[in-house]
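Notes follow the structure.
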Amino acid sequence: MTKKTWQYAFIQTLPVLCGYLFMGIAFGILLQQAGYNFLWALFISFIIYAGSMQFVLIGLLGGGMGFLSLILLTLSVQSRHIFYGLSFIEKFKAMGKQGWYMVFSLTDETYSLLCGMKIPSDLNEKKVFFTVAMLDQSYWVVGCTLGAILGGVIGFDTTGIDFAMTALFVVIFIEQWVGFKSHIPALVGMGCGAVSLVVFGASAFILPALIASVCLLLMFKGSIRQGESQEVGQ
Amino acid sequence: MSSEFATPMLVILVVAGSTFLTRFLPFALFGGGKEVPAIVKTLGELLPPAVIAILVVYCLKNVHFLIPPNGLPEFIAIGIVAFLHIWKRNNLLSIGGGTVAYMLLVQMVFV
C-alpha cells in the first residue's frame, strides 16, 4: 500500500523532477556566484521554497531594500498563490498536521499536479497528496544545493547564465499572455515597470511600479472585465 | 553576529514569512466558508500578469540600451525564448535554449 503510494507519486512527479532539478541547479549556481555557499542554498530552498521569488531574492540578500518593500514585493510576486489555496481549503483541513505542510508547499507545480491527478481508488488520496508535495520539495532542495556545489567547481565560463531568470519570467509571461483573455494587466505591468525604471532608477523602481499597477488595475477593473466578457461573447 | 550573516539571514526570514503568508492567507481568511472579498478576488486574478511583466523589466534593469550593444544580446535571446516557447510550449527547452543562446552571445559574439 505504502509502496504503491510512493510509486504512483513518483511517476506523477517525474515532470517536476526534471523541471525542479534544472531550475534548482540554475538557482544554486547564481546564488554561489553571488557569494553564498550551498548551506545557504539548502536553507533557502528548505524554508522559502518558491521558484521565482528565490531568483529575485538573490539580488536582495545583500540588504538595502527596506523591510516594508521586501514584504510587499514578496506578497505581490506570490499573490497568485492566494488562489491556489482556495481550491484546497477543505481537503487540506482534513489532513490535520500534514495539512500545514501542504499549505506551505503549495507551489505552482505541486498545485497543478494536485489538480490534475486521477488517483486510483485503491490509494489513499491524503497520503498521495502528502507524498507528492514532499517529493516535489525534495527535488527542489537537491537541485538548489547541487547547483551551489557545482557552481564552485564548474570548469567552463558561466558568464550569462543569469539569463535563466529572465528566460523563466519570459516563459511565465507568455503562458499568462496566452491564458488571459485580457492583455491589459500584462501591459499595465510592463508600462508601469518601464516608466518607473526611467523615473526612479534601477535600484528603487519595483515598489512604485507595483503600487501604480495595483491602482491602475483597480481603477480599470470594470473595463478589463468588460473586454473579457465581450471576447467570450464573440 | 556579523552583518554578512545577519543581513541575508534576516532577508531570507522575511521573504519566507511573507511567502508562507500568501499560501496561508486563503485558509486563514476563508477557512470557515466565508465569502472572499471582491477586492482580494480582483487582485488575485489581475495582479499576477502585471507582476510578471514588472519582473521581466526587473531582469533587464541593468541593460544599457543607449550604448552598444544596445541590449541586443538580451533582445535576441528573449526572441529565442519566445519563439521556442510558442513553438513547443516546453519550459525546459525554452529556458535552457534561451540561456545557452545568451551565454554564447555574450561570450563569443558581443565580446
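Taken in order, these protein sequences are the chains called A and B.
Just so you know, the numbering used here puts the end of the first sequence at 1361, numbered straight through with nothing missing.
Just so you know, the numbering used here puts the end of the second sequence at 175, numbered straight through with nothing missing.
Where a beta carbon is used, it is the ideal one built from N, C-alpha and C, also for glycine.
Beta-carbon proximity of residue i to residue j, cut-off 7 Å
{"i": "A/THR1132", "j": "A/LEU1250", "result": "yes"}
{"i": "B/ALA211", "j": "A/ILE1174", "result": "No answer is possible for residue 211 of chain B: it lies beyond the span of chain B, which begins at 65 and ends at 175."}
{"i": "A/PHE1154", "j": "A/CYS1242", "result": "no"}
{"i": "A/VAL1204", "j": "A/MET1180", "result": "yes"}
{"i": "A/GLU1252", "j": "A/VAL1143", "result": "no"}
{"i": "A/VAL1255", "j": "A/ALA1329", "result": "no"}
{"i": "A/VAL1259", "j": "A/LEU1233", "result": "no"}
{"i": "B/MET167", "j": "A/GLY1278", "result": "no"}
{"i": "A/CYS1290", "j": "B/ALA117", "result": "Checking the sequence shown, residue 1290 of chain A turns out to be Phe, not Cys. Taking 7 Å as the Cβ cut-off, A/PHE1290 and B/ALA117 do not qualify as a contacting pair."}
{"i": "A/ALA1294", "j": "A/GLY1320", "result": "no"}
{"i": "A/LEU1184", "j": "B/LYS125", "result": "no"}
{"i": "B/ALA165", "j": "B/ILE144", "result": "yes"}
{"i": "B/THR106", "j": "A/THR1201", "result": "no"}
{"i": "B/CYS123", "j": "A/MET1150", "result": "no"}
Distance, residue j Cα to residue i Cα
{"i": "A/GLN1225", "j": "A/PHE1219", "result": "8 Å"}
{"i": "B/LEU77", "j": "A/LEU1188", "result": "11 Å"}
{"i": "A/LEU1148", "j": "A/LEU1213", "result": "28 Å"}
{"i": "A/GLN1084", "j": "B/PRO112", "result": "Limits of chain A in this structure are 1128 at one end and 1361 at the other, which puts residue 1084 of chain A out of reach."}
{"i": "B/ARG153", "j": "A/VAL1297", "result": "12 Å"}
{"i": "A/GLY1360", "j": "A/ILE1351", "result": "The predicted position of A/GLY1360 is uncertain, since its pLDDT is 42 and thus under 50; no value can be drawn from it."}
{"i": "A/ILE1281", "j": "A/TYR1163", "result": "15 Å"}
{"i": "B/THR163", "j": "A/SER1248", "result": "43 Å"}
{"i": "A/TYR1211", "j": "A/TRP1267", "result": "19 Å"}
{"i": "A/VAL1322", "j": "A/GLY1178", "result": "27 Å"}
{"i": "B/LEU110", "j": "A/LEU1199", "result": "16 Å"}
{"i": "B/THR86", "j": "A/LEU1166", "result": "26 Å"}
{"i": "A/GLU1358", "j": "A/LYS1308", "result": "For A/GLU1358, the predicted structure reports a pLDDT of 49, less than 50, and the residue's modelled location is therefore unreliable. A value from the coordinates is still provided. Spanning the two alpha carbons is a distance of roughly 7 Å."}
{"i": "A/SER1196", "j": "A/SER1206", "result": "15 Å"}
{"i": "A/ILE1246", "j": "A/TYR1176", "result": "25 Å"}
{"i": "A/MET1261", "j": "B/LEU89", "result": "21 Å"}
{"i": "B/GLU138", "j": "A/ALA1161", "result": "21 Å"}
{"i": "A/ILE1171", "j": "B/PRO133", "result": "35 Å"}
Reduced DSSP secondary structure (H/G/I, E/B, other) of residue i
{"i": "A/LEU1213", "result": "helix"}
{"i": "B/LEU111", "result": "helix"}
{"i": "B/VAL145", "result": "helix"}
{"i": "A/GLN1205", "result": "coil"}
{"i": "B/GLU99", "result": "coil"}
{"i": "A/LYS1308", "result": "coil"}
{"i": "A/MET1150", "result": "helix"}
{"i": "A/GLY1243", "result": "helix"}
{"i": "B/ARG153", "result": "coil"}
{"i": "A/MET1192", "result": "coil"}
{"i": "A/GLU1302", "result": "helix"}
{"i": "A/ALA1321", "result": "helix"}
{"i": "A/PHE1332", "result": "coil"}
{"i": "B/SER66", "result": "coil"}
{"i": "A/SER1340", "result": "helix"}
{"i": "A/GLN1361", "result": "Any reading at A/GLN1361 must be qualified, since the residue scores a pLDDT of 38, below 50, and its modelled position is unreliable; the value itself is stated next. Three-state DSSP puts A/GLN1361 in coil, outside helix and strand."}
{"i": "A/ASP1235", "result": "helix"}
{"i": "B/LEU77", "result": "helix"}
{"i": "A/CYS1145", "result": "helix"}
{"i": "A/LEU1345", "result": "helix"}
{"i": "B/ALA92", "result": "helix"}
{"i": "A/SER1248", "result": "coil"}
{"i": "B/LEU136", "result": "helix"}
Whole-number beta carbon distance between residue j and residue i, since they are thought to touch under 8 Å
{"i": "B/PHE147", "j": "A/VAL1230", "result": "Actually they do not touch by this definition, with Cβ atoms about 38 Å apart."}
{"i": "A/ILE1152", "j": "A/GLY1274", "result": "4 Å"}
{"i": "B/VAL104", "j": "A/ILE1209", "result": "7 Å"}
{"i": "A/CYS1145", "j": "B/LEU156", "result": "6 Å"}
{"i": "A/ILE1193", "j": "B/VAL75", "result": "Note that residue 1193 of chain A is Gly in the sequence shown here, rather than Ile. Not a contact, Cβ separation roughly 11 Å."}
{"i": "B/TRP95", "j": "A/ILE1216", "result": "Residue 95 of chain B is actually Gly in this sequence, not Trp. At roughly 6 Å, the Cβ-Cβ gap stays under 8 Å, so B/GLY95 and A/ILE1216 are in contact."}
{"i": "A/ILE1156", "j": "A/THR1285", "result": "6 Å"}
{"i": "B/ALA102", "j": "A/LEU1344", "result": "13 Å between Cβ atoms; not a contact."}
{"i": "A/PHE1327", "j": "B/VAL120", "result": "The pair is not a contact, with the Cβ atoms about 17 Å apart (cut-off 8 Å)."}
Chain E contact for residue i (CB, 7 Å cutoff)
{"i": "B/ASN154", "result": "Checking the listed chains, one finds no chain E in this structure; the protein chains it contains are A and B."}
**Message:** Taking beta-carbon pairs under 8 Å, can you tell me which members of the stretch 1255 to 1273 of chain A lie near chain B?
**Reply:** none
**Message:** What are the residues in the stretch 1164 to 1189 of chain A lying within 8 Å of chain B by C-beta distance?
**Reply:** TRP1167, PHE1170, ILE1171, ILE1174, ILE1175, TYR1176, ALA1177, SER1179, MET1180, VAL1183, LEU1184, LEU1187, LEU1188, GLY1189
**Message:** Counting only Cβ-Cβ distances shorter than 9 Å, please list the residues of the stretch 112 to 137 of chain B near chain A, keeping chain order.
**Reply:** PRO112, PRO113, ALA114, VAL115, ILE116, ALA117, ILE118, LEU119, VAL120, VAL121, TYR122, CYS123, LEU124, LYS125, ASN126, PRO137
**Request:** Report the residues of the stretch 1283 to 1299 of chain A with a CB closer than 7 Å to any CB of chain B, ordered along the chain.
**Result:** ASP1284, THR1286, GLY1287, ILE1288, PHE1290, ALA1291, MET1292, THR1293, ALA1294, LEU1295, PHE1296, VAL1297, VAL1298, ILE1299
**Request:** Taking only beta carbons into account, state which residues of the stretch 1333 to 1353 of chain A come closer than 8 Å to chain B, listed in chain order.
**Result:** ILE1333, ALA1336, LEU1337, SER1340, VAL1341, LEU1344, LEU1345, LYS1348, ILE1351
**Message:** Closer than 7 Å between beta carbons: that is the criterion. Which residues of the stretch 139 to 152 of chain B meet it against chain A?
**Reply:** ALA141, ILE142, VAL145, ALA146, HIS149, ILE150
**Request:** May I ask you to list, following chain order, the residues of the stretch 1198 to 1212 of chain A that have a beta carbon less than 9 Å from some beta carbon of chain B?
**Result:** ILE1198, LEU1199, LEU1200, THR1201, LEU1202, SER1203, VAL1204, GLN1205, SER1206, ARG1207, HIS1208, ILE1209, PHE1210, TYR1211, GLY1212
**Request:** Quick one: which residues of the stretch 1130 to 1152 of chain A get their C-beta closer than 7 Å to a C-beta of chain B? List them in chain order.
**Result:** CYS1145, GLY1146, PHE1149
**Prompt:** Which residues, in order along the stretch 1214 to 1230 of chain A, keep a beta-carbon less than 8 Å from a beta-carbon of chain B?
**Reply:** ILE1216, PHE1219, LYS1220, VAL1230
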